[in-house]
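These protein sequence lines map, in sequence, to chains A, B and C. Letter by letter, the first sequence follows residues 32 to 185 of my numbering. Letter by letter, the second sequence follows residues 21 to 333 of my numbering. Letter by letter, the third sequence follows residues 721 to 911 of my numbering.
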Amino acid sequence: MHTRSAALIAFCDAETGAYRSRRIARHLSKCETCRDQLRRIESEKDELSSAGARAPAIGGPQGLAGVLSAIAAWQDGQSCAAASELKSRLQWQIETYFGSPAVRVVERPGIRAEELLGRTSEILDVFLGPNAAEAVRDDVLSGLAFAGPAGETC
Amino acid sequence: MAKKTSLDGLDSAPRWIVMFLGAYVTVNLFVLYLWNAAGQVFSVQGTSDSPSALSLTGMAAVDLWLCLVVLRSFPAGAPLRSTWMLITLAAAARAASGVLTEFLGTNWLLNPLMWSAQPKSGLIEQIRHSALIAGGPIRLAILAAAMLAVLRILRKFGFWARPTVTDWAVSGIVCMFTLSRFGEACAASLAGRQISQEDWISLAGLPILCVLSLEAMLLRRSVARMGNGLITRGWVALECGILLTVAGEVALWVIPHYSQTLPLTMFCALMPVTIGSVFALVPAYQLVAQRRAMRLAGSPPEDSPEGVPELAR
Amino acid sequence: MDRSPGSPLTAGIEQEIVDLYEREAGGILRYAGALARNQETAYDALQEAFFRFFLCRSAGQQIRSPKGWLFRVAHNYVLDQKKAGSRNEVGVESLRNMPCPAHHPEAGSHVSELLQGLLEIGLSPREIECVRLRTEDLRYEEIAAVLGLQAGTVGALLARAHGKIRKAVRLGIHKNRDFAQAVAEGKRYAY
């Protein structure tokens, strides 16, 4: 019996477990049809990858510089509008999922936005589960407009 | 845009459970009213208990299913995984107990053990006792372990509150009740009266109930430190479920001692279904919180051909 | 733990970002560009992904698979932007004037061509997403995390996509000759 094409694709992508890989490899050593099919899958993959890679890659240094300057601006407290927005969003999430008194427990006076993010993430991870917590993090961080070279200056 | 109020899907599971419980209680209270209005001419005790058994087992099955859905969202290694595993096991014990008691542990026509020429009464009795143990002491012990795990996590995050005089008083009352029950059993034994196996099984669960009542009071304090959020509601439901179990156990013992006129069967029918529904609210509220989080992140652009796949796995 | 600016921990995170950027930025930009069909949005998605990575790492979050995480954030960012609908109306002129060095007038055009081809042969949007992410060398688990699927579903979607591509090549319904011809080279192995 021939190996299914889904299994061959997974084998080609090194996504099959050790035991299954050994079984498929054993079968391939005996079956010319499946070997042909695997070669075809590989060639298709190469073709799709090379078509994708034909697009010029990003000009590294300045793109990276943009990210690093945004980080520096954040660290220097220049993006304070984004930081305070982030804090208030986090507070709102804690209120929604736990309640207002929980905000006082989680948030210490003078806490930095990223610290509050860390504490909130941790508590949500534990009580809500990692997937739902990740979704809340995405929601909190989306549209904060801190990705510019330097956010709003305080 | 007006917020859409929907009763579809898991988001509205708590609403469905509360509606079901409301309808069930209303019907039972209506029957009680008729019984009173008719001058208690017919026997409420004599009415069939099949609807109650069916509701109880059905609710236990719903609870188990919701628990399994929640459990899947906590991968191995997640701190609350063990708590949800224990809560799921407790729900499974209750569901299994319900099925075994009502379908295999009862002398009724649809029980396959009754079909043979010589009904296996001994086996039916054994099944009934095993089911009572699973749904009683074993389930309570599992719940106590789950509560301990969740209290430890709440403490880690600073939501811990020391037990107050009220907490100790409630636990003290439960301990007194336990001692009274044991005293009564000892007295009966000394007087030469035989204590049924059902009574022994019930007695075995009482010490665990003492621990559970203290844990429930601690959970109540800790949850009060959190507030009234979506996640908190589930833990409030757990605490209420345990306190109702304790209250039910006490009431079942107290009523026959002090009143012969109250319809005990009616109370026996109402209490387990209420407790079962409250326990089912625990995973239901957790699911509401999780699905809300997923929905927020996963709402697809209306015109996007890509869309976003279903995030709730 | 000291997470203040300039602390060794923060410096370590910055170095992690530099390394990751060098390795993954090209792929993320290509992917976001193809998804958004707008290079400016793609560039913003890239910046947003790396900045969020910095924030989450600074907050002490452990990210098991940074590559998949970055692709997921970029993916969600593009979808958010599409939902908002504002960026889609950016004209070609503004793209030309964009100071970003990442922008290349042809960037993404080959990818779009390829994807257009995939659409033409009847691949579903989800299958296209899987194929796209696979061409960026994401593991099935990472693809599943980006698209919110189970890893097993990714394998099934890829198998279905390959089946459709093969069928299209056999029937010769693909208009893009380069693509069709290249894929057709595999025909000689066909049974």
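All C-beta atoms in this analysis are idealised placements derived from N, C-alpha and C, irrespective of residue type, glycine included. Values in this document were obtained by computation on a predicted structure and should not be read as measured data.
Along chain B, in chain order, which residues have C-beta atoms closer than 7 angstroms to that of residue i?
i      : result
L159/A : I251, A309, Q310 and A313
I142/A : Neighbours of I142/A on chain B: none; closest Cβ ~14 angstroms, over 7 angstroms.
What does residue i reach in chain A if we use C-beta pairs closer than 9 angstroms?
i      : result
L316/B : A166, V167, D169 and D170
S93/B  : L159, G160, P161, N162 and A163
R859/C : D44, A45 and E46
A98/B  : D156, V157, G160 and P161
N796/C : D169 and S173
I885/C : E75 and L79
Starting from residue i, find everything on chain C with Cβ-Cβ shorter than 8 angstroms and list it in chain order.
i      : result
I102/A : E734, I737, F771 and F774
L59/A  : Those do not exist, as L59/A stays about 13 angstroms from chain C at its closest Cβ, beyond 8 angstroms.
V136/A : Going along chain C, no residue has its Cβ under 8 angstroms from V136/A, so there is no contact; the nearest lies around 18 angstroms.
Leaving out the 5 sequence neighbours to the left and right, which residues in its chain are closer than 6 angstroms to residue i when beta-carbon positions are compared?
i      : result
L263/B : A236
R51/A  : none
P99/B  : I173
F94/B  : L100, R101 and W104
F42/A  : I55
K61/A  : none
Go ahead and label residue i buried or exposed: buried means 16 or more other beta carbons lie within 10 angstroms of its beta carbon, across all protein chains shown.
i      : result
K787/C : buried
G48/A  : exposed
S216/B : exposed
L106/B : buried
Y44/B  : buried
K176/B : exposed
A96/B  : exposed
L212/B : The amino acid at residue 212/B is misidentified as Leu; the sequence shows Gly. Burial call: exposed.
T761/C : buried
D187/B : buried
E165/A : buried
V98/A  : buried
T855/C : buried
E145/A : buried
D739/C : exposed
S141/B : exposed
K887/C : exposed
P292/B : buried
For a contact defined as C-beta to C-beta under 7 angstroms, what are the partners of residue i on chain A?
i      : result
M246/B : F129, G130, P132 and A133
V851/C : L79
S778/C : E145
I275/B : Per Cβ cutoff of 7 angstroms: no residues; I275/B is ~37 angstroms from chain A at best.
I173/B : V157
L178/B : Note that residue 178/B is Gly in the sequence shown, not Leu. By Cβ distance, chain A contributes V136.
Grab me the residues of residue i's own chain with a C-beta within less than 7 angstroms of its C-beta, minus the 5 sequence neighbours each way, in chain order.
i      : result
T34/A  : I55, H58 and C65
L877/C : R846, E847 and C850
W180/B : L174 and S242
S152/A : A164 and R168
If I measure Cβ to Cβ from residue i and keep anything under 8 angstroms in the same chain, skipping five residues before and after, which residues do I get?
i      : result
S36/A  : Q68 and I72
L316/B : none
L168/B : E235
A38/A  : T47, R51 and I55
P157/B : I221, A224, G225 and I228
A164/B : I228, V231, L232 and E235
Closer than 7 angstroms by beta-carbon distance: list the chain C residues that pair up with residue i, in chain order.
i      : result
I72/A  : H882
I55/A  : Simply none; closest approach about 13 angstroms.
L95/A  : V738 and Y741
S152/A : A779 and Q781
S119/A : Near S119/A there are no residues of chain C at all, since even the closest Cβ is about 16 angstroms away, more than 7 angstroms.
What residues from chain B crowd round residue i, counting only those whose CB sits closer than 9 angstroms?
i      : result
E126/A : G247 and G249
Which bits of chain A does residue i rub up against, with CB to CB less than 8 angstroms?
i      : result
G842/C : Residues of chain A passing the Cβ test: none, with the nearest at roughly 16 angstroms.
A864/C : The contacting residues do not exist; A864/C stays about 11 angstroms from chain A at best.
L790/C : Going along chain A, no residue has its Cβ under 8 angstroms from L790/C, so there is no contact; the nearest lies around 11 angstroms.
For a contact meaning CB atoms closer than 9 angstroms, what does residue i contact in chain C?
i     : result
S52/A : Those within 9 angstroms of S52/A in chain C number zero; the least Cβ separation is about 14 angstroms.
Quick check: the stretch 114 to 123 of chain B against the stretch 150 to 165 of chain B, are at least 3 beta-carbon pairs closer than 8 angstroms? Touching, yes.
Stretch pair the stretch 728 to 746 of chain C + the stretch 31 to 41 of chain B: three plus CB contacts closer than 8 angstroms: With the cut-off at 8 angstroms, the stretch 728 to 746 of chain C and the stretch 31 to 41 of chain B do not touch.
Between the stretch 230 to 239 of chain B and the stretch 301 to 318 of chain B, can you find at least three pairs of beta-carbon atoms closer than 8 angstroms? With the cut-off at 8 angstroms, the stretch 301 to 318 of chain B and the stretch 230 to 239 of chain B do not touch.
Count the C-beta pairs between the stretch 109 to 120 of chain A and the stretch 777 to 790 of chain C that are closer than 8 angstroms, then say yes if the count reaches three, no if not. Too few Cβ pairs lie closer than 8 angstroms, so no.
Within 8 angstroms, do at least three Cβ pairs link the stretch 80 to 92 of chain B to the stretch 105 to 116 of chain B? Output reads yes: the stretch 80 to 92 of chain B touches the stretch 105 to 116 of chain B.
Tell me whether the stretch 147 to 160 of chain A and the stretch 39 to 53 of chain B touch, counting them as touching only if at least three CB pairs, one residue from each stretch, are closer than 8 angstroms. The stretch 147 to 160 of chain A is not in contact with the stretch 39 to 53 of chain B.
Do three or more CB pairs link the stretch 754 to 773 of chain C to the stretch 860 to 876 of chain C at distances below 8 angstroms? At 8 angstroms Cβ cutoff, the stretches do not touch.
Within the chosen definition, does the stretch 752 to 764 of chain C reach the stretch 791 to 805 of chain C through at least 3 CB pairs nearer than 8 angstroms? Under the Cβ criterion (8 angstroms, minimum of three pairs), the stretch 752 to 764 of chain C counts as touching the stretch 791 to 805 of chain C.
Evaluate contact between the stretch 135 to 150 of chain A and the stretch 248 to 257 of chain B, counting only Cβ atoms and requiring at least three cross-stretch pairs below 8 angstroms. Taking a cut-off of 8 angstroms for Cβ pairs, the stretch 135 to 150 of chain A and the stretch 248 to 257 of chain B do not touch, as fewer than three such pairs fall below it.
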